[in-house]
Structure formats: structure tokens, C-alpha cells
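As C-alpha cells, the structure follows; a few thoughts come after it.
2 protein chains.
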Amino acid sequence: MMRAGARQYVVARPLYSEETFAEDHDKVYRQRKSIRDHVKQYFTCDAKRAKTAALSLLPVIGWLRIYRIKEWLLSDIVSGVSTGLVAVLQGLAYCLLASLPPWYGLFSAFFPVIAYFFLGTSRHISVGPFPVLCLMIGSVVTRLVPDEGPAFNITAFEGLTRDEQRVLVASSVTFLAGIMQLLMGALQVGFVVMYMSDTLVSGFTTAAAIHILVSQLKFVLGLQVPGLSGPLSLIYTLEIIFQKITSTNVCDLVISLVIMGLVFFVKELNDRYKSKLPVPIPIEVIMTVIACGVSYAFDFRTRYGIDVVGLIPKGYEAPVAPNMQIFQETTMDAFPMAIVGFAVAFSVAKVYSVKHDYTIDGNQELIAFGVSNIFGASFKSFAASTALSRSAVQESTGGKTQVAGLLSALIVMIVTLAIGFLLEPLPKSVLGAVVIVNLKGMLMQFRDVPYLWRRDKPDCVVWLGTCIGAILLGLDIGLAVGLGVELISVVLRVQFPRCSVLANIQGTDIYKDRKDYIRIYEPEGVKIFRIPSPIFFANIEFLRSKLVEAIGFNPLRVLRKRNKALRKIRKLLKKGDLQWTSTGFLNTSYEPIKDSEDESNKEELDLPTDFKDLPARIDWSAELPANMLVPRVDLHSLILDFAAVSFLDISALKGLRAALKELIRVEVDVYIVACDPYILEKLHDCCFFDDEVQPSIFFLTLHDAMLHILEKHPEATESKSDYDKIITTVTVHHPGGSLRSRDKNALNPETKF
Amino acid sequence: MMRAGARQYVVARPLYSEETFAEDHDKVYRQRKSIRDHVKQYFTCDAKRAKTAALSLLPVIGWLRIYRIKEWLLSDIVSGVSTGLVAVLQGLAYCLLASLPPWYGLFSAFFPVIAYFFLGTSRHISVGPFPVLCLMIGSVVTRLVPDEGPAFNITAFEGLTRDEQRVLVASSVTFLAGIMQLLMGALQVGFVVMYMSDTLVSGFTTAAAIHILVSQLKFVLGLQVPGLSGPLSLIYTLEIIFQKITSTNVCDLVISLVIMGLVFFVKELNDRYKSKLPVPIPIEVIMTVIACGVSYAFDFRTRYGIDVVGLIPKGYEAPVAPNMQIFQETTMDAFPMAIVGFAVAFSVAKVYSVKHDYTIDGNQELIAFGVSNIFGASFKSFAASTALSRSAVQESTGGKTQVAGLLSALIVMIVTLAIGFLLEPLPKSVLGAVVIVNLKGMLMQFRDVPYLWRRDKPDCVVWLGTCIGAILLGLDIGLAVGLGVELISVVLRVQFPRCSVLANIQGTDIYKDRKDYIRIYEPEGVKIFRIPSPIFFANIEFLRSKLVEAIGFNPLRVLRKRNKALRKIRKLLKKGDLQWTSTGFLNTSYEPIKDSEDESNKEELDLPTDFKDLPARIDWSAELPANMLVPRVDLHSLILDFAAVSFLDISALKGLRAALKELIRVEVDVYIVACDPYILEKLHDCCFFDDEVQPSIFFLTLHDAMLHILEKHPEATESKSDYDKIITTVTVHHPGGSLRSRDKNALNPETKF
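Structure, rendered in C-alpha cells:
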């Protein structure tokens, strides 16, 4: 059984309950900060703190001071120009998702970047339109200003064209999302982004990809399909597309397929020869330029009835104030936008910060995006985050700091101010095709499903719940559903833990699941119940029922039966039908006792058994007089293993206390072992203890409690020759610390480390 | 330091890692049921299962067979009559909350009771109207059919009076809630009620009490106030009441105050002399009868303009089909009603089931309430649950089974069919006063707040969040807010655990928080990090940052610095500026080495350090050639204490693996101890292990791992004379199991249990 050459070790130490341990070992008194101290500290202000605060609010000061012009500027310029070209194209394309005139996308690739340059802590992300966010804006826009039928009843809409109304809606909702982000940043609640787990984001973006795909179909097919929003809008949109499929514009379709095929192919090449190419081939930009030229040359618009980008006005528009009425209507839409926009940007920024080894600050990022959105919205741009593909361009072409971002904004500005008209003949189907090809990465996430199913079923359920919810119910409600499923999955994992009954591995101080091992020893009358999770309102009842299952009887029921029996015995003694002799009770009358239910004072049955007016305590395991039956309790001690209990809430406290009392009242000694010091402290604070439940039930380890029990109940051990079973474990009554020296000598002289 | 007379104990056993333990101890192979097995088992059918299913679906069969006519029937009759009288009164009163004509309350106290008689598992609750639920119905009713202005655009409303429209809305939403309950019961998801923790229910019902109080003010003051619904409706209602306060009907106010005073006083008496009174004085019924008589005699209605109950039609109305259009409009209202109605009834039923020692079945209760509501709604009754006060009457007057409930329904039927007209002169202000007096218990729950604040702050936040949310936003949204806050509070507790660094209590195998004890020993180069909570997506990053803080360096950064240094060394060796001698590197050229950044192959820096083309491994703690600087790592071993880790999710798995790899790559040995066997199994299933992260890092206990480390790194221990420190702990290389016998002799001859 024991391997040859196994290393042995010996531990000799006092048997410790929490109380005796505390007596032997001096504790350091550590003062905890009260809430008042925290508040005080938070609002304390001195020159140093003010400087740090200013620096953290304007990170640009920090990194611009250490800007290495010689080494970084060239890279930043190259990167800025490349990113700028992509930003122009994506700005136009993603505008289609937002159901806005294309040139507003150029604004979105300009204004937010400027604000982020000063406030952002990430050096590598390219701020600007993000397809999922654009789609969410599109859904609000088409809800408030539908393609068909009247717009929402908003005063400010009067005298505006449909597109102007839409731009007002988009900029207002962006403004609102910006305010929310700014508030969250100011309140330092950036940690909420932690709830956007990888699984959730993967499921959500996959659903978004499906939505984007469907929304672009109309451009690729050259159909007129009204933008829909709300639950099931995806299904309705598909329905309309299939109804109209016969009027597909073949020219649009051919252009799209050619572009998709070419772009897809070149992108694969870029991926494969990544290490050999200095920069990835900017195939989308090339195709766009070619498409513009061809469309202009052959006048696609009039000849084939193709929908083109159309008039792009030169220059910027006057700032606009957000509309309060729209705020009211779109609060529920702005919140998920604020969360999604930030979460995506933060996760991308995080990847680059780890890669390039600098720190980013979540709360400052929230502030940066909040201000960017507020600033941008004032100039009619819509909600900004980052697109993975564009950030990848900025980083891979050598961008070192947000100077590259600033330069990309400059390129966008040049297009807006000077050469925008060149893009006017560009067919919308080309933009749609570019958007669709870029979905590849997001759609590939479907591969996560079988992987997650094999690894972790609850995570897979979260993925599917988020994805299906977001596809069917829309992105905003879907996100809420996903978050709900995710939180519940965490609670469920904690709620239904696998409890187990432990027993001793013979000859050691190790305790394992009784069912798992062949040679395992459980002393008679002792049960060890392991609670493998925190205890709180949602699982306290479950754990109590599992405990009753493990010990094999319901203590409350036993207590009531005992108290009923006591009542009867008292009655019989009074009537003289029963007499007390030194050997026990003696039935003097042999009438059968009627089992009438005594309804009065039901509550009293739950009190501790009270022997005070009886001649002696009653031995419940012996036979009772007058054929009374009370369930036998074979248990004298119960150990609760609290090693994995990381917190207790108030419901758990009450439930635990009730359970302990029920057990103590049927004369079962309960011990709690390996309890976290914070929990023990909390129990003391919450007046958990009284005459029945005492602090002395806490022991340091399972083995300490077990030895304490075996010593207290020698009858249990002697009968089973437990001495042989827990062989290497010996309890020694000892006057002082002299065991120490004897031990040293007693053990093998070769003792060594 | 050691108490005199302390009991000592000795453990001598092999040093176990999880692997060696598994070798030594045979495990029982336990086959887990797959999902398929569960499904198969669930759908298996045989005669016995069918019988059990039938019995559990119709509990009435079970308890009617054992009905003790002689003992129980009389009690049931007494209880039934008393409860019936209360039910009539409450039916009328709570109807005011639902904004419906009063006699529909009588239907609600009749139909659901009949259905529950057959299907319910609780023997003591009195099924029927519940004030909070009535209020929720009232909010839907006034939203769809407001007092002022046009009703909602629903086709079925045409040709109906306002009250008929309202009854249709109430019965439809009840029907829908019933369907939801039935579905939840069929899907066996009765456990969701666990999320309605005591704290949440307390906060929610307190808010409901405030709503009820405000809604009854108009009756007590005799004012005409339109019923409002939606967020902030409470504030608006109060505003209107204060505006109209000058037109208070003084007679109404006086009647209400008198009734409230008397009822309150007698109820206090009932409470105080509970044990002496055979049944509580039915003061509400008495006052109602008196008020009816007085109102009739003095013709309050015409003389003082008092609002009375008015015409009560005799008999029942024809059944009505629920309306689909209303279903669509009220889905979001029906769901919280289904949940609240069930949760309240279940918690009351639970109290009585524990008191009278029988079992109730949550899922069957859901089915029972579902059917009751569907059945009741067909006959124009509204959503049923139970009122605490009525159930208390039924139980305290001696009700033994639902036969009492059936009899109370009979009383209600008599009133409906025969003597309803007697109640017609009853002033509504009397009903309002009775409702308000009964709120005392719910409003007293405000006392929970300071109690919770002292005991458990997160619980207090949940209470306040639920209560304030429900007061301001309405009961339905408030409940959602409360549930959200509660779930987040659980997640937050798990998310930000208090990590600690442990160290050895000298001379024992006990490890405690290093900061807590004065005499505590931490071997050099070893850190023990305790993770005090489950690890999942929301806290993995937090734990990793805490770990970095605890060990004092960022392993990834160190790894990159080392790899950069290696690159430089290779370059120098190639150029001949550096030479390898047996004692180490020798700088041959003394040019300062430029610290140029090598941008290529950033990814390679994260790989394990590779010494393959170098003459020898580099000792990173020694001085490096060419003045290269790499952060010193003083740590050789890290132990992660997993005792409190009750689960891991997939994000945690990935994060943990990345963290382990980073540490292993900077030559820190990582050990994981006290890991739950299920988690270990999961790690194996999820391909957690590879060449770097190996299963041999798992040890059984902290002490096993520590001894293993001390043996592996003798230099650390010898230098510090650790032999004296961990004095009673000795590792013995030993060929076999003969230590056993020697131990026995070696120890005190008095050894005994």
C-alpha cells in the first residue's frame, strides 16, 4: 500500500480549537478603515494628489513629454495615413448600418479622434465608428424616424427633412450615451465591464454580425427595404427581402460578388504572408478607388439604376444641440450603447496594452469616450468606439501613439474638405460588400460553441442565450438577456453545489469523500459534512435539506417526538401509571396509551427538551416506557467543513443558526472547522452565539475536531479498535512543551530536509 | 507560549502530492449520469411512476383518504366559517386596490379556492386576493383603461362600459399569469422562488405597503383621484391628493379614523391575550356590520355624499374568454404577478408546513396556482395568492385541511348568491380604513433596515434598492431592480474577495494570514497565496493583479526583459564582443551597448527563455555581462491555496493557465494545494495541462507542498536554520512502512484515545 521510498513526515502539535489557538498565538491588531475614513481619504486634497489627478485626467501630457520624435514620428505618419484611408472607407460603409447619409460617417471618424487624443490612455486603438454600435444607432433611428409612415411626435422634428431628423436622433442618442459614459467614469465604476465576459462578448458580436449581414443584403441586392427595429425585426426584414428577391439589381449583385471574392482572397493572402509583407495590402481601399472610377466612367447610376453614395457636401456643418425629448425616448437605447461601445474599445485597448507593456486605465477610458461622444455628437457625428480591423491596421503599420490617430483624422478631414466629391459615384453595394467581408472574423466565432459545450456547459448556455436573444430580440434587449443569463449562471453554480460526506483516510490526517475511496474510515456516531460553496439566501435551504439527507434524520422532527414523549411521561407519572425506579421507568398500568394529538402549545415542542421536574434525564436510545417510540439518533457528533465557504449572508446566518440549534437540541454536538477568519469575525459581530451555539464549536482543522470528538466519546472508538485505524494519530495529555525535545530524539536520527 | 495541560497530537504520514496520493489509495470508479441518461430517466414510464405522478398532481387524493372526520371536521367547519367572513370583507376591500367594482373580489375569494382544494399541497393557507397583487392588477387596469381619457386601442373593448373593460383586462392578465405559473410548474423551475430572499421580499412588501397606503388615502379622505400607474405614479398621486385636500369629506375621514383606532386597539388586544382567547375577536367583521347598519340607518350616501359599495348583483356572471390583444400588452406585467403571487403564497405555506410537519411541493404549488388563476380568470376573478392575515385566521381557528378553505368559499358563495345586498350601504372609506390598519405588519419591516445595516451591508443595500425602486418605479420594475441588485450583490461578494498571503505558524502544520500573527514564519523564496473565492470571468483579472502585487513583480515583464537580454547576449557573442569562460561571461569589448528597441518579433519575447545555442544556462540572479539589467526574482516557489475555490469557469481556466505559464517561464515553481476533486477532474477534461503546466503541481495540503519545496531547495532552509522553525515537522526518506511501528513506540507510552 505504501510506496517504497515514499517520503514520510511527522507533525506533533497541540490539538487546537479556534479558541485555544487564539490563546496560544498573539494576533496583530489591525484597524480596519471605516466607510468614513474611506470617504475622508477620497476627498482629501493636496498638491501632489492634484497633480496626479490632472495628469491622469489628461494623459496626453504624460506621453507627449516622453515622445521620441526621431524614432516614433515616421512610424506614426505611415500608420496615420494608412489608417486614415481605411477610416474614410469604413466611415462611409458603416453609415449605411446607421441608416444615415454616408458623409456623417466621415464626421464620426474625425471629431471623436480629436477628443480621444487628449484624454485616452490607449496608444494603439483607432477611435471611430464601430459596426455593432452603428447598427444599434440605426435601430433607434429607424424606430423614431421610420422609412415609411410618420416620424415620432417630437417638436424639434418640425421643418426638418427625414435625413436631418435622423441625424438629430443619432447625435442626441450619442450625446446621451456620452453623458452616461462620463458619469460612469466619474463614479469610477469602470469595473462593470468585467461582466462583459469573453463568452458574452463572443455571443453578442456573433449575433451582431448576423444582424449586420442581413442589413447589408439590401445594398448587395440593390433592393429597397425599409429599416426595421425591435424584437423579431431580423425575421421581418428577411421576409421582406425574400418577397422582393425577384427585383434584385443584377448589376449590384455582380459588383458585390466580385468585390467580396477579391477582398476575401487578398485578405487571406495578407494573413498567410503576414510575416513577409511589410504592410498588409490595402485591398479595400484599392477596390473602392477602382469601383469609383468604373462607376463614374460607365455612369452606373443612370445606366443600371445603381444606388450610389451621391452628393457629399464639402466641409463641416454647424454644431447642433441635443434634444431633450429624444433623450427621454432613447434612454433605454443609449445605455447599452454606452456599455457596448466602451466594453469593445476597452477589450481591444487591453490586448495592445499587454502586448506593448503599458497600462491603461478603465475609468479614464470611460471619461475619454464619454467626452469624445459628447464632443462628436455636438458636431453631428455618431457614437464612437473602435473597429478591430482599423485598430489592427493602425498598430500593424507601426503606429506608436495617438499621434497616428490624429494624422488619420487629418486624412479624413482632407477628404471631407477637398476631395469628397471623388467618392460620389461609389455604388453603395461596394460598401455593403466591404462590410460583409469584414464580418468573417465575427462569424467564425460560431466555432466557439462546440468548444464551450465540451469544456463548460453553463458557459455554452450563456453564449447561446446571448446570441439567440440578441438575434431575435434585438441587440439591446439581447445584451440584457445575456447579462441576466450570465449572472444567473454564476448564482446557479454557487446555488447547487455538490455536497459530500467525508471520512478519514486511515492512518493520516486526510479526509476525503466517503464514496470516492475503498479504504476509508468513518468513526461510529460521527458525520463530516462538507459545504463546498459560499452560503447565501439562494442555497441555504438546499444545503439544509442535503444535511438532513446526509445525517439520515430530521432533527426538528426528532425533537418534537421527544418532547411529545416527555409530555406523555409527565402525564403518566402524575397519574401514577408510571413510576421511576433506579434502573429506569416502570409501567404500573398496562393500558395502551392513546395517541391523541395534543394541539395546545405546538410551539413548545420546538424548545430544548427540559428534564427539570423529572427524576433523571432520559436516555433516548434506550427503550422508552409505555411502548412510546422516538426515532433513534445514532449520531453524537457532526463536523461541518467550512473550508470552501467564502461568504455568508444574513439569510444564511439565520438558517445556519436554526440548523445548529435543532441539532444541538437533539444532543448532537456540532463542530465547524476551517472557517475563514473574516467569517468568524462576522459571526461574532452579528450576535450569532448564545447559550446553545457557542464559539467553542470552532476548530482549526478537521483532524483537530475529530480527535477532540474521539477523546470525548471513548466508547465509540474502543469498540471499533480505532486505535489501529487512526494509527499515527495520538493524543497526549501533557503538562508542558517538553514533548518537543523528546520528539526530536524519538524520531529517526537521519531526520533531515 | 504553550498552555499547560494542552493536548498534543502527532501525525506521521507520507508526503502526498495529488499524484502520489492517487497511487497509494484506490479510488472507487463512479459513473456519472450523462444528460442523455437524465432525459431517459425523466421520460421513462411505468405503472408505479404513473401512480406517483397522478398522486402528486392531485394531492387531494392523498390527504382525503386519511381525513379523520371525527377529529378534524369540526375544527375545519369552525375555521371555514371564520375565514369565510374575513374573505368576504377582504374581497371587497382589496377590490378597491385593483380599481374594480367590489363584488369581483367575492369571485376571487371563491373560484381559485375551489381549484386549489384539488391541486394544492398546503393544508393551511387561505387562497384568494392578496393586496400587493391586487395593486399590481390595479396598475395594469388603470394603464389600459384610465379614469380620464380614452382606453387603450383594443378591439374587444368596443361596446363595453369602463368597468366591463377593466374586468376584461384584469381577468386576461390573471389568465396570462396563470399560464406562466403553470408553465413554470411543468418545467419544474419552482426553485426560482429562492431568489426572492427574505430581504428582497421584506423590502418589496414594505414598498407595496406604501403604495397601498397612498392608494387608500383617497377613500379615507373621500376624494376623487384618478388611478395612475407607471414610474413615479406614487409621487403624482400624492401631488393630486394634496391639491384636492381642501375638499376632503369630513364624514369619511371621521368614520375612517374611528374604525382605524378601534380595529388597531382590538388587534393589539388580540395579540396580547393570544393565549387566553379561544379565537381572536373578529373586530373587522364586527365593525363592518356596524358600519353597514349605521350607514343604512342614517343614509350616509345621500346625506353626507359618502361613496358606498353600491349595487352588488346577485349570482355569478357568464365565463369570459381572455383577450389576446391584452395578452400582448400585459406580458411584462403578468410575469412579475406570476412570480410575486407564487412567492408569497409559497413562503406562507412553508411556514405552516414546518409548523405542522408536512411537506409541500414547490412545483406542484406552481401548478395549483396556475390552474387556480386560469380557472378563476375564466369566471372574471382576478389573480389569487394568499393574504397572511386571512391564512392566520384559518390556521389559528383550527383549520386542519383545505376542507376549511372549501367551507370559506361556501360562505363567500352564500354572500354572493343571497345576502350581498346587505353590504350595499357599506362606505368605501370603511374598507379603506380596514386595509390601512392591516398594513401595520408590513410597514413595521422598516425596522429591518438598521438591523441589516449593522449585520450585513450588502443585504441592507438590497433591501433599500428594492424598496426605493419599487416605491418610485412601481412594483413590477421595482421587483426587477431588486432582483438585479440582489444578483449583483452575490456576484460582487464573489468578485472582490480578500486575498491574503499565508505563512507558517512555527512548529505546526498550520498556515495563517501573515499579517495577522506576530510569530509567524515565511521561508525565503516561498510565497503562499490564498484565493478565498470561486474564480470566474468577473474576478480572474482582479485575482491576477492581486497575485502580482503579492509576489512583488510582474512575471511577463521579467520574462520579456530576460529574453531581450538573451537576444543581446547572442548578438554580442556573435560579434565577438563577449566571450564565454568557465566562470561566466567575459566582456572583451567595453563599448557601451546601445539600448535600441528591437521591434521585430515582439511575440517571441513572450516565449519561454531558450538557452539552446548558448554555452550554458544563464543565472539571472548573478550579475549580467555588459551591464545589462534584468529585474531580480527572489521567489523560487509559489503555493496557491485553492481550499476555498468552489468552481472555475472557462475564462478563469484560461486566465489561470496564462498566469501559471508566465510564472513557470521565469523559473518560479507553482504549486496548487487543497484543490477540490471536481475541479481537478475538470482541469483534466479541459486539456489544462501540457509540457509546462503539469498535474504534478497539485499537492494535498499546504504543508505537503511546503515540505516538498523545502526539500527541493535546501539552501533556503539551511541558511535560516529552518530546522528549528518547522521543528516538529520532519521529512524522512524511508524504504517502507516500518515507520509505523517505530512511531508507536517512540511516542509517549500513555498514548491513548
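For the protein sequence lines, the chains are G and U, in the order given. With the first sequence counted from 1, adding 43 to any position gets you our numbering. With the second sequence counted from 1, adding 43 to any position gets you our numbering. Heads up, the beta-carbon is just placed ideally off N, CA and C, and yes, glycines get one too.
Buried or exposed: where does Ile104(G) fall if 16 or more other Cβ atoms within 10 Å of its Cβ makes it buried? Residue burial annotation: Ile104(G) is exposed, with fewer than 16 other C-beta atoms found within 10 angstroms of its C-beta.
Could you tell me if Pro356(U) is buried or exposed, where buried requires 16 or more neighbouring beta carbons within 10 angstroms of its beta carbon? Counting of Cβ neighbours within 10 angstroms places Pro356(U) among the exposed residues, the total staying below 16.
Beta-carbon proximity list for Val184(U), same chain, < 6 angstroms, skipping 5 on both sides: Ser142, Arg209, Val212 and Ala213
Within the chosen definition, does the region 358-373 of chain G reach the region 192-200 of chain G through at least 3 CB pairs nearer than 8 angstroms? The region 358-373 of chain G vs the region 192-200 of chain G: in contact.
Where Arg541(G) sits in the DSSP three-state scheme: coil
Would you decide whether Glu438(U) is buried or exposed? Buried here means 16 or more other CB atoms lie within 10 Å of its CB. buried
Where are the alpha helix (DSSP H) runs, 4 residues long or more, that stay fully inside the region 297-348 of chain U, in chain order? 326-341 and 343-347
Taking Cβ positions only, does His746(U) come closer than 9 angstroms to chain G? yes
Output yes or no for whether 9 angstroms exceeds the beta carbon distance between Ala386(U) and Ala130(U). no
Strictly under 9 angstroms for the Cβ-Cβ distance: is Leu782(G) near chain U by that measure? Its pLDDT being 32, under 50, Leu782(G) is placed unreliably in this model, and the value from its coordinates should be taken loosely. True, the Cβ-Cβ gap to chain U drops below 9 angstroms.
Near the ligand FAD: Ile112(G) beta-carbon under 8 angstroms from a heavy atom: This structure lacks the ligand FAD; in fact it carries no ligand of any kind.
Mind reading off the beta-carbon distance from Ile574(G) to Phe685(G)? Whole number of angstroms is fine, and I expect it under 8 angstroms. 6 angstroms
Assuming Arg380(U) and Phe153(U) make a contact with CB atoms under 8 angstroms, what is their CB distance in whole Å? A small fix is needed here, since residue 380(U) is Met in this sequence, not Arg. Actually they are not in contact, since the Cβ atoms of Met380(U) and Phe153(U) sit about 20 angstroms apart, beyond 8 angstroms.
DSSP three-state label for Val688(U), please. Looking at Val688(U) - three-state DSSP - the assignment turns out to be coil, as it is neither helix nor strand.
9 angstroms Cβ cut-off: residues of chain G touching Leu277(U): Correct list: empty, because the minimum Cβ distance to chain G is about 20 angstroms.
Leaving out the 5 sequence neighbours to the left and right, which residues in its chain are closer than 8 angstroms to Arg557(G) when beta-carbon positions are compared? So the qualifying residues of the chain are Ser543, Val544, Leu545, Ala546, Ile563 and Glu565.
When you check each C-beta in the region 700-729 of chain G against every C-beta of chain U, which residues fall closer than 9 angstroms? Ala717, Asp719, Pro720, Tyr721, Lys725, Asp728 and Cys729
Collapsed DSSP secondary structure at Phe580(U) in the structure displayed: coil
Report the start-end ranges of each alpha helix (DSSP H) in the region 91-134 of chain G that is 4 residues or longer and not cut off at the edges. 102-108
What residues from the region 376-389 of chain U come within 7 angstroms of chain G, judged by C-beta to C-beta, listed N to C? none
To be precise: take each residue of the region 46-69 of chain U, compare its Cβ to all Cβ atoms of chain G, and keep it if any distance is under 9 angstroms. Which residues remain? Arg46, Ala47, Gly48, Ala49, Arg50, Gln51, Tyr52, Val53, Val54, Ala55, Arg56, Pro57, Leu58, Tyr59, Thr63, Phe64, Glu66, Asp67, His68 and Asp69
Can you name the start and end residues of the alpha helix (DSSP H) that Phe150(U) belongs to? Trp146 to Ser151
Assign Arg832(U) to one of two classes, buried (16 or more other C-beta atoms within 10 Å of its C-beta) or exposed (fewer than that). Past the boundaries of the shown model lies residue 832(U); chain U is included only from 44 to 796, so the question cannot be answered.
Along the chain, where does the beta strand (DSSP E) that runs through Phe572(U) open and close? In the DSSP assignment, Phe572(U) falls within the unbroken beta strand (DSSP E) covering Val569 to Arg573.
Which ranges does the alpha helix (DSSP H) cover as unbroken runs of at least 4 residues, wholly within the region 470-509 of chain G, from first to last along the chain? 471-480, 483-486 and 491-498
Would you list, in chain order, the members of the region 683-701 of chain G that have their beta-carbon closer than 7 angstroms to a beta-carbon of chain U? Ala686, Ala687, Ser689, Phe690, Asp692, Ile693 and Ser694
What span of residues does the alpha helix (DSSP H) with Ile462(U) cover, start to end? No alpha helix (DSSP H) contains Ile462(U), which DSSP labels as neither H nor E.
Kindly indicate if chain U contains any beta-carbon less than 9 angstroms away from that of His777(G). For His777(G), the predicted model reports a pLDDT of 40, less than 50, meaning its position is unreliable and no value from the coordinates is stated.
Taking 8 angstroms as the limit between beta carbons, can you name the residues of its chain near Tyr238(U), skipping five residues before and five after? Leu526, Glu529 and Leu530
Where does the unbroken alpha helix (DSSP H) through Gln368(G) begin, and where does it stop? Met367 to His399
Could you check whether Ser415(U) and Ala252(U) sit closer than 9 angstroms to each other, using their CB atoms as the reference points? no
Write down the C-beta distance between Ser245(U) and Asp559(U) rounded to the nearest angstrom, noting that I regard them as a contact closer than 8 angstroms. Actually they are not in contact, since the Cβ atoms of Ser245(U) and Asp559(U) sit about 36 angstroms apart, beyond 8 angstroms.
Between the Cα of Leu853(U) and those of Ile722(U), Gly475(U) and Phe418(U), spot the shortest distance and give me the residue it belongs to. Nothing can be reported for residue 853(U), as the shown portion of chain U is limited to 44 through 796.
Answer with buried or exposed for Arg675(U), where buried requires no fewer than 16 other C-beta atoms within 10 angstroms of its C-beta. Label assigned to Arg675(U): exposed.
What does Glu584(G) touch in chain U if you count any residue whose Cβ is under 8 angstroms from its own? Correct list: Met237.
Relative to the C-alpha of Leu462(G), which residue among Gly442(G), Cys335(G), Pro365(G) and Leu256(G) is closest? This sequence places Ile at residue 462(G); Leu is not what is there. Here the closest residue by C-alpha is Cys335(G).
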